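This report refers to the structure that appears directly beneath it.
2 protein chains.
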Amino acid sequence: MRNFEFYNPVRIIFGKGRIAKLSGLIPQNANILLTYGGGSIKRNGIYDQVIAALKGFNVIEFGGIEANPHYETLMKGVEQIKAHKIDFLLAVGGGSVLDGTKFMAAAALWEGSDPWEILSRRNEVSVSVAIPVGTVLTLPATGSEMNGGAVVTRWETKDKLAFSSEKVMPLFSILDPEVVFSLPQRQVANGIADAFIHTMEQYLTYPVNAPVQDKFAESLLTTLIDEGPKVLANRTDYDAAANFMWAATMALNGIIGVGVPQDWASHMIGHELTALHGIDHGRTLCIILPGVMRVKRTNKEAKILQYGERVWKITEGTTAEKIDAIIAKTVDFFESLGIGTKLSDYGIGAEIIPTIIGRFENRGIKAFGERGDVTLEEIAKILELQLK
Amino acid sequence: MRNFEFYNPVRIIFGKGRIAKLSGLIPQNANILLTYGGGSIKRNGIYDQVIAALKGFNVIEFGGIEANPHYETLMKGVEQIKAHKIDFLLAVGGGSVLDGTKFMAAAALWEGSDPWEILSRRNEVSVSVAIPVGTVLTLPATGSEMNGGAVVTRWETKDKLAFSSEKVMPLFSILDPEVVFSLPQRQVANGIADAFIHTMEQYLTYPVNAPVQDKFAESLLTTLIDEGPKVLANRTDYDAAANFMWAATMALNGIIGVGVPQDWASHMIGHELTALHGIDHGRTLCIILPGVMRVKRTNKEAKILQYGERVWKITEGTTAEKIDAIIAKTVDFFESLGIGTKLSDYGIGAEIIPTIIGRFENRGIKAFGERGDVTLEEIAKILELQLK
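Protein chains in written order, with my numbering: chain A, 1 to 388; chain B, 1001 to 1388.
Here it is in C-alpha cells:
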C-alpha cells in the first residue's frame, strides 16, 4: 500500500424525510443562495420541501445551472453572491448543480485576477478560502456530495476542466433516496454507469497489495450490478434506491482510492466527448472504458483478471479468453442499462479522433493512466476501437 | 437500510515516515501535553521521532497512562492541563492512551460538577467542548484513532464505562505501519481480535438490505483473517502490517456501521471481565463473542449463515450443522492467534456469573443486543457456555 492522506469532513444525513433537518444544519442568520438546475425540483416537490425547511432564513434563488455547468452561468451566480452578501450556498440538485456551486463558492472569494485560473491553472494555484456549501442531492451519480471536486465547462471554448479543494467540500449533504423515485430512466442509467466507472478508475490499475481498498471497490461494483437494474425496473423500490445512492456516494468520497494507483483516462477522454458533442457524462465513460480495457489489457492484466473473477465469476479459459469475456460482460452491463458503448451509437465518426488529439496537444497533455503511458497515440487507438 | 448520520472529520496521515509531518498539523504556538503510556515509545524510537518533530513547540509530558486507562490517572492529567494552560493534546500510544486523552480533553473543560458524569451519565449529558486532540497510533486495534469514542475505568469501583462525542474526535491521526514491527506477539493478537470483533458487532445482527455495509464488513473480516497471521509470523512484513492497520481503523470509524443494527453485547460483557480480572480487552471479546453466537444462534441465523458462507466458505450441511461449523471456525481463528476463548483459560470459574449479573443489576441494565433481548438471564447463559 502506498502512503496516503485521507480527510473527509462532510456530514451525511441519509434517509427518508431528512430535508426537514436543513434548518438545524445551516448557521443562523445566514444569507443563503439557493442554487438549482433546470427546475425539475419544482416539479417533484423537493423545492417545496426545501423552502419549507428554510423558513426564517434569508434566501435568494439562483436557478438554471445546466448539465456540465457553464463557467459563464456560474459567474452570473458569483455576481449574485457579491450583490446580496451571500454567506452560505445551498445546492439542490445533481452533480452539475453541486459542482457548479462548489466552483462559485471558490470563485466568489478568489483573490487572483481571474477565477478561471482555479480550473486552468489547477496544478499551480490552490483555493485557500471558499463560501460554505451545503447540498441536497437529487441524483445519485457523481459523488460530488461527499468530496471536494468539481468539473466546469467554459462554453465559449468548449473546455471542460476539473479542480479539487478541501475548502469546497460540503459542510453537509442530505441524501434522501426517495429523490430517485421521480428520476427519468436515462438519468438513473447514467448515474449507475458513472458510479461504476468511478470505482473502476480507482481499481483497474495494477495490484499494490491493498486488500481493503480492492474488496471495498468490488463491493461497490457488485452492489451497483445487483441494485442498479432493480432501480431501473421499479423506481419506488426504496431499498434499491438507498443502496444505489449510498454506493454512488462511497464510490468517490476517497475511501476506495486511498493508497492505490488510479487511472482517470476514461474520464479525461470522456470529458472531450461531452464538451464537443454534449453526450451525457455517464455515457461517455461507457464508450471509453471498454476501449481503455482493450488497449491496456496487458498492463492491466492482473487487475482485469481479479475483477473478472471476483465481480463476474469468470474463471474458465486462457488469459486472453478470460479478458475477452470480462470486457464483453462489462460492455453488456452498460448496454443492459440502455447505454450505447460505441461512438457510432451517437452519430460520431472517425473525424473525432484528430479533433480530440489536437485539443490535448494544445493543452500540452502527453498521456494519462496509472503509469502515465496512455499516450496520445494510444488515445487515438482507444477511440478507433470504439468507433463501431 | 435505516436512516443514519455519518460524520468523521479525522485527518488520516498513513504510511512510512509520517511522524515527521507532525509540526505542520498542530497549530503554531500551541501548548502541547504529550500523553503516552508505560514508556514503550521510549524503547522503540517513536518518542524520539515525536520529540524531533515537535521542535519549537512548548511540550509538557504526561506519561504513565495504563491499559484500560484509570479515571484516577487521567484526572491527574487534567490538573496538568489546567496548570500549564495546555491547548493541544498529542496522544502517542494505543487505544488506552488515545481513549484516556480524549477523556482528558473533555474533562478539562467540563462545566458540570464532576467529570465522571461524562461516563456515568452519558445518556443524559453531552460534551459540548473539548481541547483539540491529535494522535500518533502505536498499536492497531481499537479504532480510537478515527472515532469519538473512549472507554475509561474507575479503579476505585472497577467500573469500565464508555462515552462518545464528536468533540473528541482527533483532529488528525498519524498511522505509520512500521510501529507494528516492534510490537509483542500478544498485543498484535489482541489487536487482530479486537478489530475482528468490532466488525462482527456491527455486522452479526439481522439483515436490513444494506449490501454496501455488509460487504465492507466482510472485506475487513477476510482481510484480518488473511493478513493477521502474516503479521504474527513476520513482524516486519510492511504490507501485512499496513493492511492490518488500515483494516483496524476502518473497523470502527463508522463506515461499516451506518444504517444497520448493531450488537455491542460482547463488548459490554467483556468490559466486566477486564474490570474485574484485568484480562486484556481483545481476549475478553474472544471469550464472549462465541457465547453470544451460541445463545443467539436462532435470532442471528440469517447473518451467521451469510457470514459463514462469505467469510469461511461454509455451505454444506443442515442449518444447525453449518452454524456449529461457523462458530467452530470463529473459535479456531481466535485460538490460532494464541488467544484462549474459555473463562477457565484465565483461571476464572462459575463464581464470576452472579458477580457480573449483580453489577449489571446495580447499574439498572436489563439487556443488550440489537433487539434488546440479550437479557441478564441470557448473559448468565453466555458466561456459563464459555466456562470451559
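The beta-carbon is built from N, C-alpha and C at its ideal position, and this holds for glycine as well.
As the structure is a computational prediction, the values presented were derived from the model and not from experiment.
Of all residues in the segment 1185 to 1213 of chain B, only Val1208, Asn1209, Ala1210, Pro1211, Val1212, Gln1213 come within less than 9 Å of chain A when Cβ atoms are compared, listed by chain position. Remark: C-beta atoms of Leu1305/B and Asp1263/B do not approach each other more closely than 8 Å.
Nearest neighbour of Phe1333/B by Cα position, chosen from Glu1316/B, Tyr1346/B, Val1168/B, Trp1312/B, turns out to be Trp1312/B.
A distance below 8 Å between beta-carbons, with the five flanking residues on each side excluded, links Asp1099/B to the following residues of its chain, in chain order: Pro1069, Thr1142, Ser1144, Gly1149, Ala1150, Val1151, Val1152. Not one beta carbon of chain B lies nearer than 8 Å to the beta carbon of Gly257/A. Pairwise C-beta distances place the segment 1176 to 1196 of chain B in contact with the segment 1225 to 1237 of chain B, as three or more of them are shorter than 8 Å. Per DSSP, Thr135/A is one residue of the beta strand (DSSP E) stretching across 133 to 137. For Asn1243/B, the chain A residues whose Cβ falls inside 8 Å of its Cβ are Met1, Asn209, Ala210, Pro211, Val212, in order along the chain. Closer than 8 Å to the CB of Arg1310/B there is not a single CB belonging to chain A. Counting C-beta atoms within 10 angstroms of its own C-beta, Ala1275/B has 16 or more neighbours from the protein chains shown and is therefore classed as buried. According to the DSSP assignment, Lys160/A belongs to the beta strand (DSSP E) that extends over 159 to 164. Under DSSP, the beta-bridge partners assigned to Asn1031/B are Asn1058/B. Of all residues in the segment 97 to 116 of chain A, none comes within less than 7 Å of chain B when Cβ atoms are compared. For Gly1340/B, no chain A residue has a C-beta closer than 9 Å to its own C-beta; the minimum C-beta separation is roughly 28 Å.
Per the C-alpha coordinates, the member of Thr319/A, Phe216/A, His198/A positioned closest to Ser266/A is His198/A. Using a Cβ-Cβ cut-off of 8 Å, Glu178/A does not count as an interface residue toward chain B, since no Cβ of chain B sits closer than that to its own. Around Ile1012/B, the beta-carbon contacts reaching into chain A at under 9 Å are Phe4, Glu5, Phe6, Tyr7, Val258. Its Cα nearest to that of Gly63/A, the residue Ser40/A stands out among Ser40/A, Ala251/A, Lys82/A. Pairwise C-beta distances place the segment 120 to 132 of chain A out of contact with the segment 41 to 52 of chain A, as fewer than three of them are shorter than 8 Å. Residue environment for Glu61/A: exposed (fewer than 16 other C-beta atoms within 10 angstroms of its C-beta).
According to the DSSP assignment, Arg1294/B belongs to no beta strand (DSSP E) but to the alpha helix (DSSP H) extending over 1281 to 1295. The residue among Ser165/A, Gly278/A, Ser96/A with its C-alpha nearest the C-alpha of Val10/A is Ser165/A.
Contact annotation, Arg1018/B with Asp1239/B: C-beta distance approximately 16 Å; criterion of less than 8 Å not satisfied. Contact between Met1001/B and Ala251/A does not hold, since the beta-carbon distance rounds to 16 Å and is not under 8 Å.
Residues of the segment 279 to 299 of chain A that bring their beta carbon within less than 7 Å of a beta carbon in chain B are absent altogether. Spanning the alpha carbons of Gln386/A and Ile65/A requires a straight line of approximately 31 Å. Comparing alpha-carbon positions, the option among Ile1192/B, Arg1121/B, Lys1102/B, Lys1082/B lying closest to Cys1286/B turns out to be Ile1192/B. Counting other Cβ atoms within 10 Å of its Cβ, Lys1215/B reaches 16 or more and is therefore classed as buried.
Burial is judged here by how many other beta carbons sit within 10 angstroms of a residue's own beta carbon; Gly1056/B has fewer than 16 and is exposed. Checking the DSSP bridge columns, you'll see Ile1046/B has no partner listed. Chain B has a Cβ within less than 8 Å of the Cβ of Leu220/A. Chain B places a beta carbon closer than 8 Å to that of Arg18/A, counting this residue as a contact.
DSSP places Leu89/A inside the beta strand (DSSP E), whose first and last residues are 88 to 93. The Cβ atoms of Leu25/A and Val59/A do not sit closer than 8 Å to each other. Within chain A, the residues Val212 have their CB atoms less than 7 Å from the CB of Met1250/B, given in chain order.
Under DSSP, Thr1375/B shares a beta bridge with Ala1367/B.
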